[in-house]
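Have a look at the structure below, then the notes.
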């Protein structure tokens, strides 16, 4: 009896992580980063809605996105993934995931939802666009850092300074992607978009499938004490955010 072999596609260019946190000569430009963010969004949407069973990845991060010879990303590492029927809540007995990416509800209740993956995807957006780790010693968490800049009307200062120096990007597109990252990483699960809405926003269609559960932009951005405690008194809705909600 012969042996069965599992054959994987060869990913020539390593991980997305290695092409963000690297020498400037090897790093992805802004367009390539956004293209890979879109690719991951489509992958997560398929996991959530595209099959007869629902799959929660539970470990979405830049180091788990692998790049092929054309610098197109593929979401990998399904070691923590869980499959279940649509609409079922996946309970976990132990805390799993990567520090800095785990949603507050997972830490508090052990329950993983599709919008738990959405939270991780939001952190991935910020990580890739800002060129900064979710948690770095001596610095505020990445989400808190970007929220603070948004509050001051300086959201574009969050962009990886190496990309800012080059200036070869669409300002409105980059700002929208950063805003989407914050919305996905909102502490309250019900205020996050689902992945179909995320894909719709990234594709430039703000109508996008289902209606958002958010009544208005204020609901989307209401500060939550778990992460945004320091900004709870000063957080304001920036002009133009309504289009994402």
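Residue numbers (UniProt numbering): 1 to 245.
In this text, a Cβ means the ideal position worked out from N, Cα and C, and glycines have one as well.
Query, Result
"Skipping 5 residues on each side, what residues in its chain have a beta carbon closer than 8 Å to that of residue 9?", "68 and 74"
"So residue 144 and residue 62 are supposed to be a Cβ contact under 8 Å. How far apart are they, rounded?", "So it is not a contact: roughly 19 Å between Cβ atoms."
"Would you identify the three-state DSSP class for residue 126, choosing helix, strand or coil?", "helix"
"Using only the alpha-carbon positions, how far apart do residue 181 and residue 38 sit?", "12 Å"
"Take residue 23 and list the residues in its own chain whose beta-carbon comes closer than 7 Å to its own, dropping the five residues that flank it on each side.", "none"
"Within the continuous alpha helix (DSSP H) that includes residue 33, where are the two ends?", "30 to 49"
"What is the DSSP secondary structure of residue 14, reduced to helix, strand or coil?", "coil"
"In the DSSP assignment, what are the bridge partners of residue 73?", "67"
"Which residues bound the alpha helix (DSSP H) around residue 162?", "161 to 166"
"Is the beta carbon of residue 119 closer than 7 Å to that of residue 103?", "yes"
"Of the residues 201, 100 and 30, which one's Cα is nearest the Cα of residue 168?", "30"
"Give a yes or no on whether the C-beta atoms belonging to residue 83 and residue 106 are separated by under 7 Å.", "no"
"Would residue 113 and residue 96 be called neighbours here (beta carbons separated by less than 7 Å)?", "no"
"From the DSSP output, read off the bridge partner residues of residue 82.", "56"
"Mapping DSSP to helix, strand and coil, what is residue 112?", "strand"
"Measuring alpha carbon to alpha carbon, tell me which of 46, 170 and 41 ends up nearest residue 184.", "41"
"Return the CA-CA distance between residue 130 and residue 49, expressed in angstroms with no decimal places.", "29 Å"
"Can you give the beta carbon distance from residue 115 to residue 187, rounded, assuming they're within the 8 Å contact cut?", "With 8 Å as the limit, residue 115 and residue 187 do not qualify as a contact, their Cβ atoms being about 11 Å apart."
"Since residue 125 and residue 101 are thought to touch, with beta carbons under 8 Å apart, how far apart are those beta carbons, to the nearest angstrom?", "Contact flag wrong, Cβ pair sits at about 12 Å."
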